[in-house]
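These notes concern the structure reproduced below.
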Amino acid sequence: VPLEAYWDEGLKFRSEDGLHVLGVGGRLHYDIAFLNQEEVLDSLFEEITDKAEVRRARISFEGVYNGVFAYEFEVDLQETLEYADMYIAFLRVPYLDLLMLGHLREPFGLEENTSSNEIPFMERSLTSAFGPSRNLGIMLQKHFWQNRVGVYTGVFRLVDDLGADLEGEGNHAFTSRVAFGYVLDTTANRVLHLGLAGSTRQPKGGLYEVEIENETNTSIRYIRTGKLEEVDRVKLIGGEVGYTQEALTLQAEYVSAFVKFEEEAGLAKRHGRYESYYIMASYFLSGGLRKYDTDSNELSDIVLTQKRQPFRVNGAWEVGVRYSYINLIDSVQPFRQMQDLTLGVNWYLSSSARLMMNYVFTKLQQEYNAQSLQFRIQVVF
Amino acid sequence: VPLEAYWDEGLKFRSEDGLHVLGVGGRLHYDIAFLNQEEVLDSLFEEITDKAEVRRARISFEGVYNGVFAYEFEVDLQETLEYADMYIAFLRVPYLDLLMLGHLREPFGLEENTSSNEIPFMERSLTSAFGPSRNLGIMLQKHFWQNRVGVYTGVFRLVDDLGADLEGEGNHAFTSRVAFGYVLDTTANRVLHLGLAGSTRQPKGGLYEVEIENETNTSIRYIRTGKLEEVDRVKLIGGEVGYTQEALTLQAEYVSAFVKFEEEAGLAKRHGRYESYYIMASYFLSGGLRKYDTDSNELSDIVLTQKRQPFRVNGAWEVGVRYSYINLIDSVQPFRQMQDLTLGVNWYLSSSARLMMNYVFTKLQQEYNAQSLQFRIQVVF
Amino acid sequence: VPLEAYWDEGLKFRSEDGLHVLGVGGRLHYDIAFLNQEEVLDSLFEEITDKAEVRRARISFEGVYNGVFAYEFEVDLQETLEYADMYIAFLRVPYLDLLMLGHLREPFGLEENTSSNEIPFMERSLTSAFGPSRNLGIMLQKHFWQNRVGVYTGVFRLVDDLGADLEGEGNHAFTSRVAFGYVLDTTANRVLHLGLAGSTRQPKGGLYEVEIENETNTSIRYIRTGKLEEVDRVKLIGGEVGYTQEALTLQAEYVSAFVKFEEEAGLAKRHGRYESYYIMASYFLSGGLRKYDTDSNELSDIVLTQKRQPFRVNGAWEVGVRYSYINLIDSVQPFRQMQDLTLGVNWYLSSSARLMMNYVFTKLQQEYNAQSLQFRIQVVF
Numbered sequence: 004v005p006l007e008a009y010w011d012e013g014l015k016f017r018s019e020d021g022l023h024v025l026g027v028g029g030r031l032h033y034d035i036a037f038l039n040q041e042e043v044l045d046s047l048f049e050e051i052t053d054k055a056e057v058r059r060a061r062i063s064f065e066g067v068y069n070g071v072f073a074y075e076f077e078v079d080l081q082e083t084l085e086y087a088d089m090y091i092a093f094l095r096v097p098y099l100d101l102l103m104l105g106h107l108r109e110p111f112g113l114e115e116n117t118s119s120n121e122i123p124f125m126e127r128s129l130t131s132a133f134g135p136s137r138n139l140g141i142m143l144q145k146h147f148w149q150n151r152v153g154v155y156t157g158v159f160r161l162v163d164d165l166g167a168d169l170e171g172e173g174n175h176a177f178t179s180r181v182a183f184g185y186v187l188d189t190t191a192n193r194v195l196h197l198g199l200a201g202s203t204r205q206p207k208g209g210l211y212e213v214e215i216e217n218e219t220n221t222s223i224r225y226i227r228t229g230k231l232e233e234v235d236r237v238k239l240i241g242g243e244v245g246y247t248q249e250a251l252t253l254q255a256e257y258v259s260a261f262v263k264f265e266e267e268a269g270l271a272k273r274h275g276r277y278e279s280y281y282i283m284a285s286y287f288l289s290g291g292l293r294k295y296d297t298d299s300n301e302l303s304d305i306v307l308t309q310k311r312q313p314f315r316v317n318g319a320w321e322v323g324v325r326y327s328y329i330n331l332i333d334s335v336q337p338f339r340q341m342q343d344l345t346l347g348v349n350w351y352l353s354s355s356a357r358l359m360m361n362y363v364f365t366k367l368q369q370e371y372n373a374q375s376l377q378f379r380i381q382v383v384f
Numbered sequence: 004v005p006l007e008a009y010w011d012e013g014l015k016f017r018s019e020d021g022l023h024v025l026g027v028g029g030r031l032h033y034d035i036a037f038l039n040q041e042e043v044l045d046s047l048f049e050e051i052t053d054k055a056e057v058r059r060a061r062i063s064f065e066g067v068y069n070g071v072f073a074y075e076f077e078v079d080l081q082e083t084l085e086y087a088d089m090y091i092a093f094l095r096v097p098y099l100d101l102l103m104l105g106h107l108r109e110p111f112g113l114e115e116n117t118s119s120n121e122i123p124f125m126e127r128s129l130t131s132a133f134g135p136s137r138n139l140g141i142m143l144q145k146h147f148w149q150n151r152v153g154v155y156t157g158v159f160r161l162v163d164d165l166g167a168d169l170e171g172e173g174n175h176a177f178t179s180r181v182a183f184g185y186v187l188d189t190t191a192n193r194v195l196h197l198g199l200a201g202s203t204r205q206p207k208g209g210l211y212e213v214e215i216e217n218e219t220n221t222s223i224r225y226i227r228t229g230k231l232e233e234v235d236r237v238k239l240i241g242g243e244v245g246y247t248q249e250a251l252t253l254q255a256e257y258v259s260a261f262v263k264f265e266e267e268a269g270l271a272k273r274h275g276r277y278e279s280y281y282i283m284a285s286y287f288l289s290g291g292l293r294k295y296d297t298d299s300n301e302l303s304d305i306v307l308t309q310k311r312q313p314f315r316v317n318g319a320w321e322v323g324v325r326y327s328y329i330n331l332i333d334s335v336q337p338f339r340q341m342q343d344l345t346l347g348v349n350w351y352l353s354s355s356a357r358l359m360m361n362y363v364f365t366k367l368q369q370e371y372n373a374q375s376l377q378f379r380i381q382v383v384f
Numbered sequence: 004v005p006l007e008a009y010w011d012e013g014l015k016f017r018s019e020d021g022l023h024v025l026g027v028g029g030r031l032h033y034d035i036a037f038l039n040q041e042e043v044l045d046s047l048f049e050e051i052t053d054k055a056e057v058r059r060a061r062i063s064f065e066g067v068y069n070g071v072f073a074y075e076f077e078v079d080l081q082e083t084l085e086y087a088d089m090y091i092a093f094l095r096v097p098y099l100d101l102l103m104l105g106h107l108r109e110p111f112g113l114e115e116n117t118s119s120n121e122i123p124f125m126e127r128s129l130t131s132a133f134g135p136s137r138n139l140g141i142m143l144q145k146h147f148w149q150n151r152v153g154v155y156t157g158v159f160r161l162v163d164d165l166g167a168d169l170e171g172e173g174n175h176a177f178t179s180r181v182a183f184g185y186v187l188d189t190t191a192n193r194v195l196h197l198g199l200a201g202s203t204r205q206p207k208g209g210l211y212e213v214e215i216e217n218e219t220n221t222s223i224r225y226i227r228t229g230k231l232e233e234v235d236r237v238k239l240i241g242g243e244v245g246y247t248q249e250a251l252t253l254q255a256e257y258v259s260a261f262v263k264f265e266e267e268a269g270l271a272k273r274h275g276r277y278e279s280y281y282i283m284a285s286y287f288l289s290g291g292l293r294k295y296d297t298d299s300n301e302l303s304d305i306v307l308t309q310k311r312q313p314f315r316v317n318g319a320w321e322v323g324v325r326y327s328y329i330n331l332i333d334s335v336q337p338f339r340q341m342q343d344l345t346l347g348v349n350w351y352l353s354s355s356a357r358l359m360m361n362y363v364f365t366k367l368q369q370e371y372n373a374q375s376l377q378f379r380i381q382v383v384f
């Protein structure tokens, strides 16, 4: 089958009939972070230092074969390798939009399912502490009501970053998401999104852990439950709201985790309940907007409206602000509550290459402060 | 040199004169296995658990330059990296078909030299316990008698999975294979294959080990010699028979290993002798056959006869059965003998993408039973 | 943007207007070395053994987007991953030729900045003991006087082979290079190159180490300072001379390192001073020459003058000789001085694929001898 090569946020190929599409590429996210915390935190945790790191160095091969199945093969070439998407997807299953099989993201959350190439900030919000991320599973996807309602549901086997489960406890998660995406006005990019997701999970060996840095990958995990033992079941519930109008994007999510411990003889063991939420706004000062993807119910697609001019970067600017909160009652750390205020600026060289700057102001237990100023080079190829 | 892109079991490129050919791609083999064994084996070995793993996650770059030399660069992106084929091959050496230099498969065995993308079952048979696999060497290849007789011979330096030999004992293997492939009837796909191979090997530091699972990568290595010490030389001999007729493929191999220990003063040390064989049949229920490759003397090429139809998977079904046997007299394990009966079903999405199911019934020492039911997603891109 | 595929020392793509250029490929360097040393060195160091290893197994993705920025993503797929070039470069910055940002080579030295695919010998000379190699930084590049004078200057954060600095001492290096490249006669390939480079470096935690093998990657590090402690600052200075005439290339470099230790109370701590140099000649016996690259001020480009003929390797032969010297006054080893005489022969299959043979004769402290005979398969794809 002859193919034509083209560039579209990476090197792509397609057959004349469009039934075969291939992509070969990857992404580089290179970060440097300048960190700061109150002195008392030095003794409670550890001293904090400025850090540089390659955050993501991924290569990916993806494609559609004959219009009937798609695949993705994506590996993060870090010190210890990690697999990202590693799946096959069937595009022509009766009654379904899509049936996916392999190592893929569980359908939980709006931000969680948006690519790291496209989220407005360098890191996901504090709600990602509960994000199930990728596991080995089977997921069904179906849209109803003129594409306005999307339903995603899957069963997953909990695996590690290499897609393996070699200790083999055979635990599963059932995760579903229902999303409502209503395009109010196409020309003005007015879209309303509502979503609800739930997951019930049996953690491996009864162990469950939640931990998170202050939206800075190289920082300290200020909030951490430690390994909770004898956990029988974890239930996650999440709500999503999104709205776009022209160059403005508003987005908020709430996630709650209920941890049910195993019963001990004669004792009623308490149920832990943790929660997190965020609210954010992003705005393109010039020549750009975020478009709603009705097929995946994500507020992801970055559309730069300025036409490509030879020898010029696109130059669009995006600014964003996010407030994020987490509360872990069962924290074994001295703190159980953290709030982040993040300010972000993105400068787009193209729709997939950008320079990012994030300033994060953190308040621990409404008392202690930490800050980070971080920069990223992002190239998608 | 301008190139044209096309799809042929992966992304390929060729120049108009056909002298340059390039390929960029890889393979994903993603497995899940459900395992079971008699209780007594739990205590003799260890408890067995169901397991999921990415069996192969390879990327490869290959090509032919100017019709004169070829190369392959293939890396398995596992937790610990492994190199697969890493060689250069000269295509125009006087008196030869091919001269290969680098990290490549030793010419031993029929199944051993068939790609893991093409073998009818998820794992190779028990004879693979003796397979020399890839080492660093130089191999010559030449065909005679209207391409009916192929001779392969090489000298190899024993290296690890990364092609290195950093402890440097400087031991070598000499391995040769002679194959006879006779096409009886092209239209009816009737072909007879006979093969004979031998190898003489000086193992590193006098240590030699044979071990194998029951045709399930994530299972227990039931059969294992442990590290045999003071081994002077290992000789392998293998016989191959193959036959195809239309959609039917029959194949059998026998491998014997003679282990010669170093002489001790005044004592005649005994020679160990281990053996293994298998016999298998595969049959395409619909629209497919296995074609004999006279250039490499393999029963490998999967040809799906149904024409590609838009938005349809190929849908060919292949079923197979294999009986496999191994006997290790010098086993340090409680068992020295294992038999496997494997039943397999493959469903082809295309000639290179398939879903596989294998059921393996294992008998240890004609007394104890183990079983596995395993599934694979295979995508070649 | 539609792209055309072509082969040019690897798989490349370009848009019709030439503003987008992409490359997907890599390199394989596969070595085997036969080593030998005087018996007394066995006891002073360790016994030496022959060794095979994959020296480089790199994949790379590179490109130019819209004529305005370029990127490179290059990973060495070794047992422990290493990043090579990982940067973004801006091509249209006012008053500059180039502004580079990321993990890139510091501008120090002629040989140091020549690709390992193009250096005439298998390993760089002993001066590479001081080579700063790649770090995380920002580098500016500008040419003056009809491209005859090139200035490179950058500030770098010292990072590990994965581009990270997770222990975070925040130390920096300032490195600059000025090069003068004068094309005396284009048709006769007569070019004179002069260069000067300097670097001032604050090593991490006050620790600094210099060590080097005898131009054989798998050999023993005969010369080694060990970890020098309480180092305040290291200053490097380097001089370069190069000359080409037709198929002949002459090249010499001198590098000196001044190590300034921290002052101790009341004591004037001495300054260490180490030095190294080399002089080399390479000559193409037939059909090839090395061309000076005025844009990067390197004597790198290998141009094979014989036209490509179907089914034929290029077949150009290059011979080279190099004398190399290093002296480390502060060596903690029994030796502080090493001299290497290297003889090399390269056989070119194409301008990027070659078979190499190097013989290295080493003299330690003008008294003890070591030797190596090494071979390489090089394929660039």
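Protein chains in written order, with the numbering used here: chain A, 4 to 384; chain B, 4 to 384; chain C, 4 to 384. Positions of the beta carbon are idealized from the N, C-alpha and C atoms, including for glycine.
Partners in chain B for residue 33(C), counting only beta-carbon separations shorter than 9 Å: What residue 33(C) touches in chain B, judged by beta-carbon distance under 9 Å, is 89, 90, 91, 104, 105, 106, 139 and 166, going in chain order.
Alpha helix (DSSP H) runs wholly inside the region 39-69 of chain A, at least 4 long, in chain order: Counting only runs of at least 4 residues, the region 39-69 of chain A fully encloses the following alpha helix (DSSP H) elements, listed from N- to C-terminal order: 42-47.
Straight-line Cα distance separating residue 364(B) from residue 34(B): If you draw a straight line from the Cα of residue 34(B) to the Cα of residue 364(B), it comes to about 18 Å.
Cβ neighbour criterion (16 or more within 10 Å) applied to residue 191(B): By the 16-neighbour rule on beta-carbons within 10 angstroms, residue 191(B) is exposed.
Near-chain B residues of the region 301-319 of chain C - C-beta to any C-beta below 7 Å: Result list: 311, 313, 314, 315 and 316.
Proximity winner among 197(B), 104(B), 310(B) and 222(B), relative to residue 37(B) (alpha-carbon distances): Nearest to residue 37(B) by alpha-carbon distance, out of 197(B), 104(B), 310(B) and 222(B), is 222(B).
Interface flag, residue 383(A) vs chain C, CB-CB below 7 Å: It does not; no Cβ of chain C falls within 7 Å.
Distance between beta carbons of residue 202(A) and residue 82(A), contact taken as under 8 Å: Between residue 202(A) and residue 82(A) the Cβ distance is about 30 Å, and since that is not below 8 Å, they are no contact.
Alpha-carbon spacing of residue 103(B) relative to residue 73(B), whole angstroms: Between residue 103(B) and residue 73(B), the C-alpha separation is close to 9 Å.
Beta-carbon separation (whole angstroms), residue 300(A) vs residue 123(A), contact threshold 8 Å: Residue 300(A) to residue 123(A), Cβ: 17 Å. No contact.
Own chain, CB closer than 8 Å to residue 165(C), minus 5 neighbours either side, in chain order: Excluding five sequence positions before and after residue 165(C), the CB atoms of its chain that fall closer than 8 Å to its own CB belong to 84, 85 and 86, given in chain order.
Contact set for residue 331(C): own chain, Cβ-Cβ below 7 Å, skip 5 residues either direction: Excluding residues within five positions, the ones whose Cβ falls inside 7 Å are 213, 226, 228, 277 and 339.
Opening and closing residue of the beta strand (DSSP E) in which residue 252(B) lies: Note, residue 252(B): beta strand (DSSP E), 251-264.
Residues near residue 238(C) in its chain [Cβ-Cβ closer than 6 Å; skip 5 each side]: Excluding the 5 residues flanking it on each side, residue 238(C) has same chain C-beta neighbours closer than 6 Å at 203 and 261, in chain order.
Spatial neighbours of residue 218(B) in its chain, beta-carbon cut-off 6 Å, leaving aside the 5 residues before and after: So the qualifying residues of the chain are 126, 343, 345 and 363.
Three-state secondary structure (DSSP) of residue 356(A): Note: residue 356(A) maps to coil in three-state DSSP.
Residue 298(B) versus residue 27(C) - alpha carbon distance: Rounded to whole angstroms, residue 298(B) to residue 27(C) spans 30 Å at the Cα level.
Residue 367(C) beta carbon less than 7 Å from that of residue 341(C): Contact flag set, yes.
Any chain C beta carbon closer than 7 Å to residue 176(B): Not closer than 7 Å to any Cβ of chain C, the Cβ of residue 176(B) fails to qualify, so no.
Buried versus exposed, by CB contacts within 10 Å (16 or more), residue 370(C): With fewer than 16 Cβ atoms within 10 Å of its Cβ, residue 370(C) is classed as exposed.
Chain-order list of residues whose beta-carbon lies under 8 Å from that of residue 49(A) (same chain, five-residue window excluded): Contacts found: 223.
Cβ shell of residue 356(C) (< 7 Å), same chain only, five flanking positions each side left out: The beta carbon of residue 356(C) sits closer than 7 Å to those of 381, 382 and 383, all from its chain and outside the five residues before and after it, given in chain order.
Candidates 235(B), 111(B), 195(B) and 284(B): closest to residue 259(B) by CA position: A check of alpha carbon separations from residue 259(B) across 235(B), 111(B), 195(B) and 284(B) identifies 111(B) as the nearest.
Exposure of residue 88(C), with buried meaning 16 or more beta-carbon neighbours within 10 Å: The residue is buried, with at least 16 neighbouring Cβ atoms inside 10 Å.
Contact list for the region 25-54 of chain A against chain C, Cβ threshold 8 Å: If the cut-off is 8 Å between Cβ atoms, the region 25-54 of chain A has 27, 28, 29, 31, 33, 35, 52, 53 and 54 near chain C.
Local Cβ density within 10 Å of residue 43(A), reported as buried at 16 or more and exposed below that: Exposed: under 16 other Cβ atoms inside 10 Å.
Beta-carbon contacts of residue 69(C) that lie in its chain and below 6 Å, excluding the five residues immediately before and after: Around residue 69(C): 22.
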